[in-house]
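Scroll down for the structure; my scribbles are underneath it.
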Amino acid sequence: MKRLFLTTALGAACLWSAQAHASGYQLNEYSITNLGRSFAGAGVVGDDYSAIAYNPAGMTLKKNGMQASFTMAEVASEMKGRGASSGKQTEMDFGVPLPAAYAQYQVNDKWFVGGGIYAPYGLATRYKKDSYIADSARESTLEVIDYNLSTAYKLNSKWSVGASFVARYIYGHMTNNIVVGGMHLGESDFELDGWTYTGTLGIMYEPSENTRIGLSYKPKSIQRVKGDHTVTGNPIPGMFAPGVYSDGKASPDLPETTLLSVYHKPFDKVAFTGSARFTRWGDSFEDFSMTSSFTKAQGLPPVDYSWQDSWTFSLGTEYYVNDNLTLRLGTAWDQSPTPDNQHRTHRIPDSDRIWLSAGLSWRQDNMQFDLGYAHLFMKQSYIRDSVNTRYNDHDTKYRAYSNMFGLGFQYDF
């Protein structure tokens, strides 16, 4: 009996293409002021309430208020490949919104509480049904939503600490064609979801009024999702049995991260920011599979990703034109966890990227309006079929870029 070429990898995620965010399927886009400086200084600048998500110790830099933001990500990819299947696809273009919201309350001079809703991970890849890629990856979606409750305590004039409790919801959806010996038999559709709980610890040191250093830690998040695996097509006795298999499951664990951020204001009108983030992908994404009784009957092994730990470095600057207007610029280098072309897949065609960004804020009384823009230059990437031939993958070259536009509003009570 011939083995079905059925992919069992969850390769992507919620909100946009694999190449339009931080490395792997990590997202940062839940602050417009941070977007404008490529997320340099995240959590310690004190110009919005997003420290709730990045480093809760930084909540002591703001008092009472709320904010809402909206980022639109435009993704464009060009593909060139060769494969046995008929059907071609040369581009993948779409745009997806990324909303976020926070609120904070100062209990007294030392104690602060707050909460937020945002997406820390997520991406999506979408290929046409008749594309040569659809045999191994047609649609991949992973949505991760954090519901965050945070608190911070100001120990003294120099030290602050913070902690967050996070209820995390994850939703995964993956489809692809089912092929035997080059013949299309049907389609596979996984739809899974689940909840888990995690948190963040943060600390901030202020050696002077104009200098701040913050360190935050997010542990590895153990995920367990369950749902249905729907297989459609014409049955083949003893080989291919369409139906709804309700025992679908997966374990898309999310990595441990450590973030170091710095803010320094050497002049009245100019400040500099920087961040370094370390993500332990190697401990959470060595391989992956979505399974059901159907996939187990085929004896399909997990997909070997062998992802490695990765770094992100960012630098930014702020120019305070006056009490109302602030301008900002930023750049970042974001390392992909994909070790080589053999371990890159159509579901996650990830690559290194360079960020260039700009933004501004206009403050009037107790209101602030934030605008941000970023362009991502993605390194050209390749997918080789030496590892994935069992899934009928094809050699492909990817060229991609992304534009992000963000709008935010803050209101101080």
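Numbering follows the working numbering, with no gaps: position 396 of the sequence shown is 1742. Glycine included, every Cβ here is placed at the ideal spot set by N, Cα and C. Remember, it's a predicted structure, so these values are computed and weren't measured experimentally.
Fill in: the region 1625–1632 touching the region 1712–1726, judged by at least three CB pairs closer than 8 Å
no
Practice prompt. Could you pull the start and end residues of the beta strand (DSSP E) that Y1678 belongs to?
Written response: Working through the sequence shown from its first residue, we reach residue 1678 at position 332. It is Ala, not Tyr, that sits at residue 1678 in the sequence shown. Run containing A1678: L1671 to D1680, per the beta strand (DSSP E) assignment.
Discussion item. What does the alpha-carbon distance come out to for the pair Y1728 and S1482?
Written reply: Against the sequence shown, residue 1728 aligns to sequence position 382. Against the sequence shown, residue 1482 aligns to sequence position 136. Their Cα atoms are separated by approximately 16 Å.
Worksheet item: Residues in its own chain within less than 6 Å of L1495 by CB, not counting five upstream and five downstream?
Response: Position 149 of the sequence shown, counting from 1, holds the residue named residue 1495. The answer, listed in chain order, is G1461 and F1511.
Worksheet item: Are S1592 and T1625 touching if we call contact CB-CB under 8 Å?
Response: As a first step, residue 1592 must be located in the sequence shown, where it is residue number 246. As a first step, residue 1625 must be located in the sequence shown, where it is residue number 279. The answer is no: Cβ separation not under 8 Å.
Worksheet item: Between T1379 and the rest of its own chain, which residues show a CB-CB distance below 8 Å, the 5 nearest in sequence each way excluded?
Response: Counting from one through the sequence shown, the residue named residue 1379 turns up at place 33. Closer than 8 Å at the Cβ level, and outside the excluded window around T1379, lie V1391, D1393, D1394, S1396, R1674, G1705, S1707, D1716, G1718 and G1754.
Discussion item. Are the CB atoms of Y1467 and L1373 within a distance shorter than 8 Å?
Written reply: As a first step, residue 1373 is located in the sequence shown; it is residue number 27 there, counting from the start. As a first step, residue 1467 is located in the sequence shown; it is residue number 121 there, counting from the start. The answer is yes: Cβ separation under 8 Å.
Discussion item. With distance defined between alpha-carbon atoms, name the residue in I1398, F1751 and P1695 nearest to M1425.
Written reply: Stepping through the sequence shown from its first residue, residue 1425 is reached at position 79. The residue with the shortest Cα to Cα distance from M1425 is P1695.
Worksheet item: Under the rule that 16 or more other beta-carbon atoms within 10 Å means buried, what is W1627, buried or exposed?
Response: Counted from its first residue, the sequence shown places residue 1627 at position 281. By the 10 Å Cβ count, W1627 comes out buried.
Practice prompt. For the alpha helix (DSSP H) holding G1382, just list the boundary residues, first then last.
Written response: Within the sequence shown, numbered from 1, the residue matching residue 1382 stands at position 36. Looking at the DSSP string, the run of the alpha helix (DSSP H) that includes G1382 is I1378 to G1382.
Practice prompt. Mind checking which residues open and close the alpha helix (DSSP H) that includes I1398?
Written response: Stepping through the sequence shown from its first residue, residue 1398 is reached at position 52. Per DSSP, I1398 belongs to the alpha helix (DSSP H) from A1397 to Y1400.
Practice prompt. Rank A1386, S1377 and Y1376 by C-alpha distance to the C-alpha of D1680 and give the top, closest one.
Written response: Along the sequence shown, read from residue 1 onward, the residue named residue 1680 stands at position 334. Taking only the C-alpha atoms, the option nearest D1680 is A1386.
Item to complete: Please report how far the alpha carbon of Q1413 lies from the alpha carbon of P1581, in whole angstroms.
Response: By one-based count along the sequence shown, residue 1413 stands at place 67. By one-based count along the sequence shown, residue 1581 stands at place 235. Computed Cα separation, rounded: 53 Å.
Worksheet item: By a C-beta neighbour count over all protein chains shown, 10 Å radius and 16 as the cutoff for buried, is I1568 buried or exposed?
Response: Along the sequence shown, one-based indexing puts residue 1568 at 222. The residue in question, I1568, is exposed, as its Cβ has fewer than 16 Cβ neighbours within 10 Å.
Discussion item. Spatial neighbours of M1724 within its chain, please: C-beta separation below 7 Å, excluding the five flanking residues on both sides.
Written reply: The sequence position of residue 1724 within the sequence shown is 378, counting from 1. Around M1724: Q1365, S1697, R1699, A1746 and Y1747.
Worksheet item: Just curious, the beta strand (DSSP E) that V1616 is in, first and last residue?
Response: Numbered from its first residue, the sequence shown carries residue 1616 at position 270. Its beta strand (DSSP E) spans residues V1616 to T1625.
Fill in: Bridge-paired residues (DSSP) for I1516
Start at 1 with the first residue of the sequence shown, and residue 1516 comes out as number 170. Looking at the DSSP assignment, I1516 forms a beta bridge with V1490 and G1540.
Practice prompt. May I ask you to report which of helix, strand or coil DSSP gives K1642?
Written response: Mapped onto the sequence shown, residue 1642 falls at position 296. Helix at K1642.
Worksheet item: Near T1604, which residues of its chain fall below 6 Å by C-beta distance, leaving aside the five closest residues on each side in sequence?
Response: Residue mapping note: residue 1604 aligns to position 258 of the sequence shown, counting from 1. Y1563 and F1624.
Worksheet item: For L1488 versus M1636, is the C-beta distance shorter than 8 Å?
Response: On the sequence shown, position 142 is the one that residue 1488 refers to. On the sequence shown, position 290 is the one that residue 1636 refers to. Cβ distance not < 8 Å, so L1488 and M1636 don't count as in contact.
Worksheet item: Cα separation between L1501 and K1456?
Response: Residue numbering aside, residue 1501 sits at position 155 when the sequence shown is read from its first letter. Residue numbering aside, residue 1456 sits at position 110 when the sequence shown is read from its first letter. Taking the straight line joining both Cα atoms gives about 7 Å.
Practice prompt. Helix, strand or coil for L1495, going by three-state DSSP, please let me know.
Written response: Working through the sequence shown from its first residue, we reach residue 1495 at position 149. The answer is strand: DSSP assigns L1495 an E or B state.
Worksheet item: So, A1509 versus P1601, is the Cβ gap smaller than 8 Å?
Response: Here residue 1509 corresponds to residue number 163 of the sequence shown, with the count starting at 1. Here residue 1601 corresponds to residue number 255 of the sequence shown, with the count starting at 1. Cβ atoms of A1509 and P1601: not closer than 8 Å.
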